[in-house]
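Some notes on the structure that comes next.
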Amino acid sequence: LGERLQSTFDHMKSRGKVTDEDVKAMMREVRLALLEADVNYKVVKQFVNSVKDRATGQEVMKSLTPGQQVVKVVSEELTQLMGGEQAEIAKAAKGPTVVMMVGLQGAGKTTTSAKIANYLRKNKNRQPLMAAADVYRPAAIDQLETLGRQLNMPVFSLGTEADPVDIAKQSLAKAKEEHYDYLFIDTAGRLHVDDSLMDELQRMKEAVNPDEIMLVVDSMTGQDAVNVAESFNEQLGITGVTLTKLDGDTRGGAALSVKSVTDKPIKFAGTGEKIDAIEPFHPERMASRILGMGDMLSLIEKAQTDVDEDKAKELEKKMRSQDLTFDDFLEQLGQVRNMGSMEDIMSMIPGAGKMKGLKNAQMDDSQITRVEAIVRSMTREERQQPSLMNASRKRRIAKGSGTTIQDVNRLLKQFEDMKKMMKQMTSQQKGKKKGNFSM
Ligand code: GDP
Ligand code: MG
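Under the UniProt record's numbering, the first residue of the sequence shown is numbered 6, with each subsequent residue one higher.
Next up, the structure:
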């Protein structure tokens with residue numbers, strides 16, 4: 006579907022304003038993308054309406070097509086809906102930060118407790134303690150203790166006979182006494198939300214007054230995730246969400262639904278079975294995943310912030326008319342560097358890999374540095390008129406730039422290739438499209 010979305014906006018011609026038809030055509034695809042990503046249909050409807058209003062009549066930025074512009078608005082709104090900024094896990098002002106891990110059976114509570122604890126120790130230098138308060142399945146305590154051994158991290162347990170609320174209280178006492186920074190309480194889950202579970206969790210909440218009640222949700226459960234999140238939030242009052250199993254082929258629509266239903270931030274994303282398969286949740290990345298646009302969105306973002314549009318236009322004109330100079334080349338390299346490595350950029354352009362000649366144009370950063378040095382060692386005339394180049398000039402340039410004649414020759418060859426490639430692209434595009442210089 007990402008491809009369909011892509012082709013819909015490829016077909017929109019460059020115009021000054023985003024029109025009703027542009028928006029309609031794009032939003033039809035966006036709606037499908039969202040539904041396909043398992044976003045709740047009510048959320049989709051509301052979302053589509055609000056974006057339509059915002060996108061229609063917008064000025065189209067010079068570097069974007071109307072279709073891209075609509076996608077940009079869509080992804081911005083999606084990002085906002087998912088909280089905008091990355092949300093941090095709670096931190097108590099004093100004493101250990103108490104985190105209650107709650108959720109249905111199999112959602113990933115036990116695994117995620119260990120993952121987040123490990124993440125905080127590794128990245129934030131915190132000392133966590135974990136508590137085994139799921140007493141209904143003996144295997145659950147073993148599981149947490151195994152993870153604790155694996156991480157060399159302490160686990161508090163009173164066995165399967167103790168009362169979970171008691172376990173929570175005693176583990177908190179230990180955490181305070183021994184000055185741990187975080188206490189992760191791994192609680193029991195059920196297959197469905199039920200009263201006795203909620204009752205136990207509520208009593209535990211009252212007993213330890215947690216700073217964070219982290220709901221762990223399996224992202225593969227799609228629509229069900231919404232109901233689960235809603236119940237836990239109403240009955241317990243959650244403060245954050247971790248979405249697990251995002252390494253599967255789910256498009257992550259649950260993220261959008263859960264956030265919009267509970268209005269509680271998603272803080273972490275679980276991306277695999279391994280202990281370090283956890284990362285802070287990034288709304289904008291999830292937006293592009295839900296839309297199925299791959300990295301197209303970040304390319305749009307980069308293109309609009311980093312490339313000076315007018316310079317790009319001028320350069321394009323020169324390339325088409327074949328009077329590309331080394332000064333232009335140098336300038337373009339600067340822009341390429343601003344946008345990230347050449348390879349990054351190429352990998353973000355759908356279909357770019359297939360384009361002929363592009364392979365030779367790829368450079369890594371150290372190559373760019375070398376090329377810059379070479380061009381800077383050329384005289385003004387040489388830069389403007391590459392045809393002047395001869396053996397003695399090359400030798401002088403190599404010496405001046407601390408490179409070799411081979412390096413200089415390679416650059417001259419690349420330069421010629423690039424001109425050829427531009428010529429190729431120009432003849433391919435002739436009559437088809439005007440205006441946009443696309444990297
Ligand atoms: P709990 O019942 O909520 O405590 O869930 P567990 O922590 O026992 O996890 C249930 C299963 O899901 C285990 O097999 C975990 O390895 C697996 N799991 C948890 N998080 C992830 C994840 O992010 N990705 C994948 N692929 N598996 C996960
Ligand atoms: Mg468990």
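Glycine included, C-beta positions come from ideal geometry on N, C-alpha and C.
Comparing C-alpha positions only, which one of the options sits nearest to residue i?
| i | options | result |
| --- | --- | --- |
| LYS50 | VAL35, GLU235 and ALA60 | VAL35 |
| ARG110 | LEU202, LYS272, GLY258 and LYS404 | Before going on, a small fix: residue 110 reads as Gln here, not Arg. The shortest Cα separation from GLN110 among LEU202, LYS272, GLY258 and LYS404 belongs to LEU202. |
| ALA122 | ALA112, MET135, GLY113 and LYS114 | MET135 |
| LEU142 | LYS272, SER55, ASN128 and GLY164 | Strictly speaking, residue 142 in this sequence is Arg, with Leu absent from that position. For the residues LYS272, SER55, ASN128 and GLY164, the minimum Cα distance to ARG142 belongs to GLY164. |
| GLY120 | GLN372, ALA282 and LEU335 | The identity of residue 120 in the sequence shown is Lys, whereas the question assumes Gly. Selected option, being the one with the closest Cα: ALA282. |
| TYR46 | ASP268, ALA259 and ASP186 | ALA259 |
| ALA145 | GLU182, VAL376, GLU166 and ASP191 | ASP191 |
| THR115 | ASP254, SER406 and MET219 | MET219 |
| VAL376 | LYS77, PHE331 and LYS129 | PHE331 |
| LEU37 | THR384, VAL246, ASP422 and LEU296 | LEU296 |
| LEU335 | LEU40, PHE420, ALA60 and GLY194 | PHE420 |
| GLY275 | PHE237, PRO288, ASN395 and VAL221 | VAL221 |
| ALA180 | LEU196, VAL75 and SER162 | SER162 |
| ASP186 | ALA396, ILE280 and LYS96 | LYS96 |
| GLU26 | VAL380, GLY88, ALA137 and GLY72 | GLY72 |
| VAL78 | GLU182, THR61 and VAL140 | THR61 |
| GLY402 | PRO285, THR384, ASP333 and GLN390 | A quick correction: the sequence has Ile, not Gly, at residue 402. Checked all of PRO285, THR384, ASP333 and GLN390; the closest Cα to ILE402 is THR384. |
| VAL380 | ASN395, VAL76, VAL413 and SER392 | VAL413 |
| GLU93 | VAL266, THR247, VAL231 and THR374 | THR247 |
| VAL198 | ASP229, GLU182 and ALA30 | ASP229 |
| LYS279 | GLY100, GLY108 and TYR124 | TYR124 |
| LYS269 | ARG154, GLN389 and ILE243 | ILE243 |
| ALA137 | GLY113, ARG131 and VAL160 | VAL160 |
| ALA378 | GLU289, LEU416 and MET394 | LEU416 |
| GLY405 | SER382, PRO391, GLU387 and GLN390 | SER382 |
| PHE286 | LEU196, GLY89 and LEU177 | GLY89 |
| GLY257 | LEU196, ARG290 and GLY108 | ARG290 |
| ASN157 | ALA167, GLN132 and GLU166 | GLN132 |
| GLU182 | GLY407, PRO101 and PRO215 | PRO101 |
| ASN128 | HIS184, GLU284, ASP147 and LEU40 | GLU284 |
Measure the beta-carbon distance from residue i to residue j and round it to whole angstroms, keeping in mind my assumption that it falls under 8 Å.
| i | j | result |
| --- | --- | --- |
| SER118 | LEU149 | 7 Å |
| LYS264 | LEU241 | Not quite, the Cβ-Cβ distance comes to about 17 Å (not below 8 Å), so this is no contact. |
| LEU261 | LEU83 | 7 Å |
| PRO169 | GLU205 | 6 Å |
| ASP43 | GLY227 | 4 Å |
| LYS399 | ILE410 | 5 Å |
| GLY245 | MET225 | Not confirmed; about 20 Å, so no contact. |
| GLN74 | GLN63 | 6 Å |
| SER293 | SER80 | 6 Å |
| VAL140 | LYS174 | The pair is not a contact, with the Cβ atoms about 14 Å apart (cut-off 8 Å). |
| ALA112 | ASP223 | 5 Å |
| GLU235 | VAL266 | 5 Å |
| LEU196 | LEU188 | Not really, about 27 Å apart at Cβ, beyond 8 Å. |
| PHE273 | VAL107 | 14 Å between Cβ atoms; not a contact. |
Check residue i in the structure and name its three-state DSSP category.
| i | result |
| --- | --- |
| LYS250 | coil |
| ALA136 | strand |
| PRO159 | coil |
| MET219 | strand |
| THR192 | strand |
| THR408 | coil |
| ASP43 | coil |
| THR24 | coil |
| MET225 | helix |
| TYR124 | helix |
| ASP199 | coil |
| LYS279 | coil |
| LEU329 | coil |
| residue 1 | This structure cannot speak to residue 1, because the chain is shown only from 6 to 444. |
| ALA112 | coil |
| ILE243 | coil |
| ASP168 | coil |
| GLY62 | coil |
| ASP268 | coil |
| MET394 | coil |
| MET383 | coil |
| ARG33 | helix |
| ASP204 | helix |
| GLU183 | coil |
| ALA173 | helix |
| LYS50 | helix |
On the DSSP bridge assignment, give the partners of residue i in chain order.
| i | result |
| --- | --- |
| ALA274 | LEU248 and GLU284 |
| MET105 | ILE190 and ILE218 |
Relative to the ligand MG, what is the chain-ordered list of residues with a Cβ closer than 7 Å to any of its non-hydrogen atoms? LYS114, THR115, ASP139, ALA145, GLN148, ASP191 and GLY194
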